[in-house]
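Following: one structure in structure tokens, then a few remarks.
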Amino acid sequence: IIYGDDNGNPAYLTKGTASQVLRMDASGNNLEWGAGGDVNVITGVSNGADNRVATFTSASALNGEQDFTWDGTELLLSSSTASKPRLTIRNTSNDTNDGCEINLTKMRADDGVENGQNLGEIWFRGQNSNQIGDTSYAFITGEIDVGTNNEESGSLALGVATHDGDTRTGLRLTGGSVNDEIDVDIGL
1 IIYGDDNGNP AYLTKGTASQ VLRMDASGNN LEWGAGGDVN VITGVSNGAD
51 NRVATFTSAS ALNGEQDFTW DGTELLLSSS TASKPRLTIR NTSNDTNDGC
101 EINLTKMRAD DGVENGQNLG EIWFRGQNSN QIGDTSYAFI TGEIDVGTNN
151 EESGSLALGV ATHDGDTRTG LRLTGGSVND EIDVDIGL
């Protein structure tokens, strides 16, 4: 293992031996192998299965959460309890103008930028009367309107399912062609 020591220099950690644990040294700045001692070591794992996110159930035991999974591309929270799962993002800062943020960031691998490029979507889905799941009922989409340096403008669309189940944009806000202007389109 190579790590940065307390001086910021690369340091090489040799292989440990049986029953040793990786821990911080007394200075709190360097890694070392040593006896577990009073260090909490995981002594039990329950409910383990592929892709389950583990949470601590005590100082030394983990539980694989069946309703909280990560498969490398999708994070899934599920619940059969009313009004759950709930995602709470809390800011406890005393700053007046700084709150919580959710950032949907699109960074193309080719560094390309295109007008009309989709930056992110939030979809509202559920069942229909035939119990067909994943039916789309509403959405919010953010796009690049103009990506030219110093002329950037965005577009935000709100849409809903129309009578036949197709989703269509009903309200679109677009950065205007001049500074401090926003164009608003209502309807299909």
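Residue 1 is where the sequence shown starts when you use our numbering, and the numbers rise one by one after that. Just so it is clear, CB atoms sit at the ideal spot from N, CA and C, and this is done for glycine as well.
In terms of CA proximity to ALA11, GLU32 leads the group GLN20, THR17, VAL21 and GLU32.
Contact between the segment 108-115 and the segment 128-137 is absent, with fewer than three C-beta pairs closer than 8 Å. The Cβ atoms of VAL53 and PHE68 sit closer than 7 Å to each other. Taking a contact as a CB-CB distance under 8 Å, the pair ALA161 and SER136 counts as one, their CB atoms being some 6 Å apart. GLU114 and THR141 do not touch by the CB rule: their CB atoms are close to 15 Å apart, not below 8 Å. Residue pairing by DSSP places VAL178 in no beta bridge whatsoever.
ASP71 is a Cβ neighbour of ASN51, given a cutoff of 7 Å. Separation of the CB atoms of GLU151 and GLY116 is rounded to 15 Å, and the pair is thereby denied contact status at 8 Å. No Cβ-Cβ contact shorter than 7 Å links SER155 with ASP164. In terms of Cβ geometry, ARG172 and ASP180 do not form a close pair [threshold 7 Å]. PRO10 carries a strand assignment under DSSP once its states are collapsed to helix, strand and coil.
About 25 Å separates the Cβ atoms of GLY170 and GLY147, ruling out a contact at the 8 Å cut-off. Boundaries of the beta strand (DSSP E) harbouring GLU121: 118-126, taken from the DSSP string.
Residue ranges of uninterrupted beta strand (DSSP E) with 3 or more members, entirely inside the segment 13-73 and ordered along the chain, are 20-24, 31-35, 44-46, 52-56 and 61-70. Secondary structure at GLY112: coil, using DSSP grouped into helix, strand and coil.
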